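A.B. asks: Take this structure, written in structure tokens, and hold onto it; I'll ask about it next.
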Ligand code: NAD
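Residue numbers (our numbering): 1207 to 1597.
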């Protein structure tokens, strides 16, 4: 069939298998061009999109590691395409096989005990022990063992907050008010996006004896500038990220042979970040500024720096809280001064010049395998693609 993008709200309900393949091939080429001696056997939780996918690509194609990925994606069915994450993973496994690398994937709910058991089984059978565990879940909800469903909300804590955002479809500025989360909503957001599940994974791996001596584990966070603090760092998601940070400390204390880190990454267009109010306007201004200054990076460049210049570099630079900072270029005073100056004077007249709306949309389409140079979108594409290790 001819596959076209169908955008509904913050997501695209279709994905293009060949576009996704090409996207992964390009990221794999980038990782191959930036090799580093590091991970040998890696488990990546949340491995089919965004930062988790780029991490898996760096582990495999940058370090030559065997990888096990945990994803939560849908294959094609009844005239519907598969999810982008499904096609990304199929492409990843095919490219890994060409390089002679082991790559297996478990498709299921990473929060569940069952998926953890499946992962342990696979590691024991095929990998022995893992020396790198990356936790990159961005999930809207979590089902607890007793069947209770907790949802993550993007709300403020305390007072409501009003600021400008961008209506990307209409390409115009809009005002948005974000209401405060209730105590229950905050607690639920912490259960979904906080550190509990990361801690459960590490405990399960340690108890099963499948963590290599001196293994590394990391989870990802975001801090960002003041204008985003009420909705992010000081909001319900910020509470969850604080919990994630506390978990990294607890993991470090409980498992002395494991190094646990939080990596604070750059704001980028991903399926999760496009759903956060205010952030898309900030990102489109940031993209304009960082591209003009020659500092722009995507997920693969960020994760390549994580591997090459942080995790496997001779001296690991950490901030005063002990976090890895990959948002160092984003948070540079000269970058933030320029973003602030634009934020103050942006209006509907100058929006197209001052914000990189096209760049935002290009990243958005490319996440779903569209607008990738070299792909013929007029050609029929077969949506039924299998992930080799799943079938
Ligand atoms: P993403 O939406 O691109 O990827 C999330 C991944 O998690 C996907 O592979 C998805 O399939 C998987 N997933 C979701 N629920 C799952 C479940 N129940 N079981 C198994 N897999 C599941 O998100 P992202 O933006 O790459 O975010 C990853 C991490 O990076 C998050 O912790 C996020 O807060 C952090 N981060 C993101 C940004 C940003 O700007 N995007 C910046 C800094 C940090």
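Ideal Cβ placement from N, Cα and C applies to all residues, glycine included. Please read these numbers as outputs of a predicted model, since none were measured by experiment.
If you reduce the DSSP assignment to three classes, tell me which class residue 1562 lands in.
C.D. replies: Translated into positions along the chain shown, residue 1562 becomes position 356. It is coil, neither helix nor strand.
A.B. asks: Looking only at its own chain, which residues have a Cβ that is under 8 Å from the Cβ of residue 1580, when we skip the five neighbours before and after it?
C.D. replies: Against the chain shown, residue 1580 aligns to sequence position 374. Once the five neighbours on either side are set aside, the close Cβ partners of residue 1580 are 1228.
A.B. asks: Can you tell me whether DSSP reads residue 1259 as helix, strand or coil?
C.D. replies: The sequence position of residue 1259 within the chain shown is 53, counting from 1. In the structure shown, residue 1259 sits in a helix (DSSP, three-state: H, G or I).
A.B. asks: Taking 6 Å as the limit between beta carbons, can you name the residues of its chain near residue 1295, skipping five residues before and five after?
C.D. replies: On the chain shown, position 89 is the one that residue 1295 refers to. Closer than 6 Å at Cβ, skipping near neighbours: 1254, 1277, 1311, 1593.
A.B. asks: By Cβ distance below 8 Å, which residues in the same chain neighbour residue 1584 in space, the five residues on each side in sequence not counted?
C.D. replies: Start at 1 with the first residue of the chain shown, and residue 1584 comes out as number 378. The residues are 1208.
A.B. asks: Determine the burial state of residue 1383: buried for a count of at least 16 other Cβ atoms within 10 Å of its Cβ, exposed for fewer.
C.D. replies: To locate residue 1383, count along the chain shown from 1; it is residue 177. Exposed is the call here.
A.B. asks: Under the three-state reduction of DSSP, which class applies to residue 1530: helix, strand or coil?
C.D. replies: Taking the chain shown and counting its residues from 1, the one referred to as residue 1530 is at position 324. It is a strand residue.
A.B. asks: Of the residues 1326, 1421, 1406, 1261, which one's Cα is nearest the Cα of residue 1450?
C.D. replies: Indexing the chain shown from 1 puts residue 1450 at position 244. Of 1326, 1421, 1406, 1261, the residue nearest in Cα terms is 1406.
A.B. asks: Closer than 8 Å to a non-hydrogen atom of ligand 1 - does that hold for the CB of residue 1460?
C.D. replies: Reading the chain shown from its first residue, position 254 is the one you call residue 1460. Not so, every heavy atom of ligand 1 lies at least 8 Å from the Cβ.
A.B. asks: Could you check where the alpha helix (DSSP H) with residue 1320 kicks off and where it finishes?
C.D. replies: As a first step, residue 1320 must be located in the chain shown, where it is residue number 114. 1319-1328 is the span of the alpha helix (DSSP H), which, as asked, contains residue 1320.
A.B. asks: So who's on the other strand from residue 1272, going by DSSP bridges?
C.D. replies: Counting from one through the chain shown, the residue named residue 1272 turns up at place 66. Paired residues: 1247.
A.B. asks: Any heavy atom of ligand 1 closer than 8 Å to the CB of residue 1570?
C.D. replies: Position 364 of the chain shown, counted from the start, is the residue given in the question as residue 1570. Every heavy atom of ligand 1 is 8 Å or more from the Cβ of residue 1570, so no.
A.B. asks: Within a Cβ cutoff of 7 Å, which residues of the same chain sit near residue 1241, ignoring the five residues on either side of it in sequence?
C.D. replies: Here residue 1241 is taken as the residue at index 35 of the chain shown, counted from 1. Correct list, in chain order: 1268.
A.B. asks: How would you call residue 1333, buried or exposed, if buried means at least 16 neighbouring beta carbons within 10 angstroms?
C.D. replies: Taking the first residue of the chain shown as position 1, residue 1333 is located at position 127. With 16 or more Cβ atoms within 10 Å of its Cβ, residue 1333 is classed as buried.
A.B. asks: Skipping 5 residues on each side, what residues in its chain have a beta carbon closer than 8 Å to that of residue 1363?
C.D. replies: Along the chain shown, one-based indexing puts residue 1363 at 157. Same-chain partners within the cutoff: 1386, 1387, 1392, 1440, 1441, 1442, 1444, 1445.
A.B. asks: Report the option in 1436, 1373, 1304, 1403 whose CA atom is closest to the CA atom of residue 1361.
C.D. replies: Along the chain shown, one-based indexing puts residue 1361 at 155. Residue 1436 is the option with its Cα nearest to residue 1361.
A.B. asks: For the region 1351-1392, which segments carrying the beta strand (DSSP E) assignment without a break, of at least 3 residues, lie completely within its bounds, in sequence order?
C.D. replies: As far as the region 1351-1392 is concerned, its whole beta strand (DSSP E) runs of at least 3 residues are 1355-1357, 1367-1373, 1378-1384.
A.B. asks: Against chain C, does residue 1388 count as a neighbour if the rule is that its beta carbon must be under 9 Å from one of theirs?
C.D. replies: Absent here is chain C; the protein component of the structure consists of one chain.
A.B. asks: According to DSSP, what are the bridge partners of residue 1339?
C.D. replies: Counting from one through the chain shown, the residue named residue 1339 turns up at place 133. The partner list for residue 1339 (beta bridge, DSSP) reads 1249, 1423.
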